[in-house]
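A.B. asks: Every position in the sequence shown, counted from 1, becomes a number in my numbering once 13 is added. Think of the CB as a built atom: it goes at the ideal place given N, C-alpha and C, for glycine as much as any other residue. Could you have a look at this structure, given as structure tokens, before my questions?
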Amino acid sequence: SKVITLNFGDDPTSFDPRRVRDLASITLMKTLYEGLTRITPDQKVELGAAEKYEISEDLKTYTFHLRPSKWTDGQELTAENFEKAWKKALDPSFPCDNAFQLYVIQNAKEAKEGKVSTDEIGVKAIDKYTLRVDLKNPTPYFLQMITHPVFFPLPSSNLTSINPQENVGALVTNGPFTLEKWISKDCLQVVKSPTYWDNKEVKLDAIKFVMVLPETELMMYEKGEVDWTGSPLSTISLDAMKDLEKRYPLHRKDFLSTYFLRVNVAKFPLDQVKLRKALNLAIQREEIVKHVLQGGQTTATSLVPAIMGLPKSDYFQDGDIETAQTLFSEVCDELGVDAESFPEISLTYVGVGRSRLISQALQQQWEQAFGIRVKLEALENKIYFSKLSKKDYELICCDWVADFDDAINFLEVFKYKTSDSNNTNWGNSEYTRLLDESAKIVDEQKRKEILAQSEAILMDELPIMPIFYASMGYLKNESIINVVLSSLGSLDFKWADLQEEKETSIVKNVESSNL
């Protein structure tokens, strides 16, 4: 049988596609569910649960016609399964960090804020197999947006809460695979779904997800016990990467992701924009990328990755220590303190992997540039996210991975001061206005110019400090083909196949390493 094994690291954050944010859980959702569209192996958008669609002349209404397909419990997939799932995500009482993605839909944001009823949201099942979606503005990337799990359908049985731990059969799905087994903190297995409309295209019989630490994952890869190691599901350590590169083909891929610091602009002394500018200019990104990470990343001087093609991506000079020190002296004069009596600044990060190395480098760079004290706070995942959402931090290491290939997806994270995605206490009405204006512009070049104007505000006020644009590095069993690794960092195994016995490529590589 054709089975591949991957490392998930930990339990999925949720089995509800509307609530997942991490790449591992998004990957799992794409095996279990299918939305109206999906991304193909050649990175194009193709129809999924929808068979065809029409767009109105004003480019604001999409009408989707569903193909005949079934849920794993044998029930038919209907337009209502989409309408109800989307509207539930927009219910003010339903916790959903991804809800902002639905705000392109008429009245979606207003419904989430409790200003209008969810009945007024612009999504409607016209009949059993026809879904009409009314958008606020023409949205050229809409068909790509809806490949994200927040737009997936749900059966009425799983509409409010989904927890298959006690009974995996209770998880009703419509994707290429279905959940067969889940042992918390141990493993999870999905098998080819007999009810999936396109199951003749699904070549794998099963995918097994183990839950082990990165070091164990590497040992298992060397023994042929896991078929993929590294991005996007885990991070290979630098030492291991250098060692493995000598023996196995290392794959790299551009990644629409930026690593940055969020700044709590309500916390003294970081409420001083001049201090934020000083700290930002004193970061030596080139040093971090070349000597600390060494993983193919590039220095970031903007939030939006340079490869996304906004007119500008260099808003400041990397490692401009001289200007940074001048600004810092001015801040000290204004506050009536010196470097020695300057308040200690705290930097929070997730305690494993590269964030620890980055935080240590930043601590050293700032202490050397200004003579101030920087305290590091390492947290486990759950506490980290809790502190982030409560804004209980001063500086915090973060990253953002694009949900769809458009600059707006990075910039809208900080569009509203109070949104669940912002978490910096920063807001700017002109920034919000420019993003609203960009949504009404059909001419792509003009739209990018407006987006660059909004990014310039963000980079001037610095509620975030970009560090680097990410790159994916991974090793895989070379007999695995047709896995879709998107530049958004998720994996899709719908078309994946094994060309030969899966041990072959690993055995070959081990043999060649012993020559």
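Which residue comes first and which comes last in the alpha helix (DSSP H) that contains A313?
C.D. replies: Translated into positions along the sequence shown, residue 313 becomes position 300. That residue, A313, is in no alpha helix (DSSP H); it is neither H nor E in DSSP.
A.B. asks: For Q114, which three-state DSSP category applies?
C.D. replies: As a working note, residue 114 is residue 101 in the sequence shown. Collapsing the DSSP output to three states places Q114 in a helix.
A.B. asks: Taking 7 angstroms as the threshold (C-beta atoms), are L389 and L424 in contact?
C.D. replies: Within the sequence shown, the letter at position 411 stands for residue 424. Within the sequence shown, the letter at position 376 stands for residue 389. No, the Cβ-Cβ distance between L424 and L389 is not below 7 angstroms.
A.B. asks: Excluding the 5 residues flanking V181 on each side, which residues of the same chain have their C-beta closer than 8 angstroms to its C-beta?
C.D. replies: Indexing the sequence shown from 1 puts residue 181 at position 168. Cβ contact annotation for V181 (same chain, cutoff 8 angstroms, sequence separation greater than five): L192, E193, K194 and W195, in chain order.
A.B. asks: On a CA-only basis, which of L41, V146, D132 and D104 is nearest A92? Give me that one, please.
C.D. replies: Position 79 of the sequence shown holds residue 92. Comparing Cα positions, the closest option is V146.
A.B. asks: If M254 and G22 are in contact, beta carbons under 8 angstroms, what's the gap, nearest whole angstrom?
C.D. replies: As a working mapping, residue 254 is identified with position 241 in the sequence shown. As a working mapping, residue 22 is identified with position 9 in the sequence shown. About 17 angstroms separates the two Cβ atoms, so there is no contact after all.
A.B. asks: Would you identify the three-state DSSP class for G182, choosing helix, strand or coil?
C.D. replies: One-based indexing of the sequence shown puts residue 182 at position 169. Helix at G182.
A.B. asks: Using a Cβ-Cβ cut-off of 6 angstroms (strictly less than) and excluding sequence neighbours within five positions of K280, which residues of its own chain qualify?
C.D. replies: For the purposes of this step, residue 280 is taken as residue 267 along the sequence shown, with counting starting at 1. Apart from sequence neighbours up to five positions away, the residues of its chain that approach K280 with a beta-carbon distance below 6 angstroms are E407, ordered along the chain.
A.B. asks: Would you report the Cα separation of F481 and L401, rounded to the nearest angstrom?
C.D. replies: For this step, residue 481 is matched to residue 468 along the sequence shown. For this step, residue 401 is matched to residue 388 along the sequence shown. So the alpha carbons of these two residues sit roughly 20 angstroms apart.
A.B. asks: CB-CB under 8 angstroms to S451, same chain, minus the five flanking residues each way: which ones, in chain order?
C.D. replies: Position 438 of the sequence shown, counted from the first residue, corresponds to residue 451. Only I421, R460, I463, L464 and S467 meet the Cβ criterion.
A.B. asks: Here's a check: name, in chain order, each residue in its chain whose Cβ is nearer than 7 angstroms to the Cβ of T115, leaving out the five neighbours to either side.
C.D. replies: Working through the sequence shown from its first residue, we reach residue 115 at position 102. Reading off the sequence shown, one finds Leu at residue 115, where the question assumed Thr. Excluding residues within five positions, the ones whose Cβ falls inside 7 angstroms are W99, A102, L103, A121 and V163.
A.B. asks: What span of residues does the beta strand (DSSP E) with A531 cover, start to end?
C.D. replies: No answer is possible for residue 531: it lies beyond the span of the chain, which begins at 14 and ends at 528.
A.B. asks: Grab the span of the beta strand (DSSP E) containing M478 for me, first residue to last.
C.D. replies: On the sequence shown, position 465 is the one that residue 478 refers to. It spans I477 to K489 - the beta strand (DSSP E) in which M478 sits, taken as one unbroken run.
A.B. asks: Measure the C-alpha to C-alpha separation of P108 and R32 and round it to an integer number of angstroms.
C.D. replies: Translated into the one-based positions of the sequence shown, residue 108 becomes position 95. Translated into the one-based positions of the sequence shown, residue 32 becomes position 19. Taking the straight line joining both Cα atoms gives about 8 angstroms.
A.B. asks: Would D510 and K216 qualify as a contact pair, given that the criterion is a beta-carbon distance under 7 angstroms?
C.D. replies: Counting from 1 along the sequence shown, the entry for residue 510 is found at position 497. Counting from 1 along the sequence shown, the entry for residue 216 is found at position 203. In this structure, K216 lies closer than 7 angstroms to D510 by Cβ.
A.B. asks: If you draw a straight line from the alpha carbon of T437 to that of F427, how long is it in whole angstroms?
C.D. replies: Position 424 of the sequence shown, counting from 1, holds the residue named residue 437. Position 414 of the sequence shown, counting from 1, holds the residue named residue 427. The straight-line gap from Cα to Cα measures roughly 8 angstroms.
A.B. asks: By DSSP, does D422 sit in helix, in strand, or in coil?
C.D. replies: Position 409 of the sequence shown, counted from the first residue, corresponds to residue 422. Reading off the sequence, residue 422 comes out as Asn, not Asp. Helix at N422.
A.B. asks: In this structure, how does DSSP classify W99 when only helix, strand and coil are distinguished?
C.D. replies: Residue mapping note: residue 99 aligns to position 86 of the sequence shown, counting from 1. Correct three-state label for W99: helix.
A.B. asks: Using the rule of at least 16 other Cβ atoms within 10 Å of the residue's Cβ for burial, across every protein chain shown, is G322 buried or exposed?
C.D. replies: Counted from its first residue, the sequence shown places residue 322 at position 309. The residue in question, G322, is exposed, as its Cβ has fewer than 16 Cβ neighbours within 10 Å.
A.B. asks: Once you ignore the five residues that flank E524 on each side, which residues in its own chain have a CB closer than 6 angstroms to its CB?
C.D. replies: Translated into positions along the sequence shown, residue 524 becomes position 511. Any reading at E524 needs caution, since the residue's pLDDT is 35, under 50, leaving its predicted position unreliable; the model's value is listed next. Result list for E524: empty, nothing under 6 angstroms.
A.B. asks: Kindly provide the ranges of any alpha helix (DSSP H) runs that are 4 or more residues long and lie completely inside the region 206–268, ordered along the chain.
C.D. replies: Complete alpha helix (DSSP H) runs here, min 4: 227–235 and 251–258.
A.B. asks: Just the C-alpha distance for T517 and V16, rounded to the nearest angstrom, thanks.
C.D. replies: For this step, residue 517 is matched to residue 504 along the sequence shown. For this step, residue 16 is matched to residue 3 along the sequence shown. Because the pLDDT at T517 is just 42, under 50, the model does not fix this residue reliably, and the value given afterwards should be weighed accordingly. Rounded to the nearest angstrom, the two C-alpha atoms are 14 angstroms apart.
A.B. asks: For S368, name the three-state secondary structure that DSSP assigns.
C.D. replies: As a working mapping, residue 368 is identified with position 355 in the sequence shown. Three-state result, S368: helix.
A.B. asks: Excluding the five sequence neighbours on either side, which residues of its own chain have a C-beta within less than 7 angstroms of the C-beta of K83, listed in chain order?
C.D. replies: The residue you call residue 83 lines up with position 70 of the sequence shown. If we look at K83 and ignore the five residues flanking it on each side, its Cβ neighbours are E89, L90 and T208.
A.B. asks: Quick check on this structure: which residue in F77, S130, L184 and Q157 has the alpha carbon closest to the alpha carbon of A138?
C.D. replies: One-based indexing of the sequence shown puts residue 138 at position 125. Minimum Cα distance to A138 is reached at F77.
A.B. asks: Taking one C-beta from the region 268–288 and one from the region 470–488 each time, how about it: are there three or more such pairs within less than 8 angstroms?
C.D. replies: yes
A.B. asks: Expressed to the nearest angstrom, what Euclidean distance is found between the alpha-carbon atoms of I371 and R386?
C.D. replies: Here residue 371 refers to the residue found at position 358 of the sequence shown. Here residue 386 refers to the residue found at position 373 of the sequence shown. Looking at the two C-alpha atoms, the distance is approximately 16 angstroms.
A.B. asks: Decide if the region 37–56 is in contact with the region 492–501; the criterion is three or more beta carbon pairs, one per stretch, under 8 angstroms apart.
C.D. replies: The region 37–56, when compared against the region 492–501, does touch it at the 8 angstroms Cβ threshold.
A.B. asks: Have a look at F190 and Q378 and give me their C-alpha separation to the nearest angstrom.
C.D. replies: The residue you call residue 190 lines up with position 177 of the sequence shown. The residue you call residue 378 lines up with position 365 of the sequence shown. Going by the C-alpha atoms only, they are around 48 angstroms apart.
A.B. asks: Please work out which residues of its chain come closer than 6 angstroms, Cβ to Cβ, to F365, disregarding the five sequence neighbours upstream and downstream, and give them in chain order.
C.D. replies: For the purposes of this step, residue 365 is taken as residue 352 along the sequence shown, with counting starting at 1. It should be noted that the sequence gives Val, not Phe, for residue 365. Counting only Cβ-Cβ distances below 6 angstroms, and skipping sequence neighbours, we find nothing.
A.B. asks: On the three-state DSSP scale, how would you describe S138?
C.D. replies: Here residue 138 refers to the residue found at position 125 when the sequence shown is read from its first residue. Rather than Ser, the amino acid found at residue 138 in this sequence is Ala. Three-state result, A138: strand.
A.B. asks: M485: buried (16+ other C-beta within 10 angstroms of its C-beta) or exposed?
C.D. replies: Locating residue 485 in the sequence shown gives position 472, where the first residue counts as 1. When all chains shown are included, M485 counts as buried.
A.B. asks: Which runs of the beta strand (DSSP E) at least 3 residues long sit entirely within the region 395–439? Give them in chain order.
C.D. replies: The region 395–439 is shown to contain whole beta strand (DSSP E) runs of 3 or more residues at 408–414, in chain order.
A.B. asks: So, using beta-carbon positions, are P25 and L41 closer together than 7 angstroms?
C.D. replies: Taking the sequence shown and counting its residues from 1, the one referred to as residue 25 is at position 12. Taking the sequence shown and counting its residues from 1, the one referred to as residue 41 is at position 28. Yes, these two residues count as a Cβ contact at 7 angstroms.
A.B. asks: Hey, would you say R367 sits closer than 7 angstroms to T248, going by beta carbons?
C.D. replies: One-based indexing of the sequence shown puts residue 367 at position 354. One-based indexing of the sequence shown puts residue 248 at position 235. It is a contact, given that the beta carbons lie within the stated cut-off.
A.B. asks: Verify whether the separation of the beta carbon atoms of W241 and K489 is less than 7 angstroms.
C.D. replies: Position 228 of the sequence shown holds residue 241. Position 476 of the sequence shown holds residue 489. Yes, they are a contact pair.
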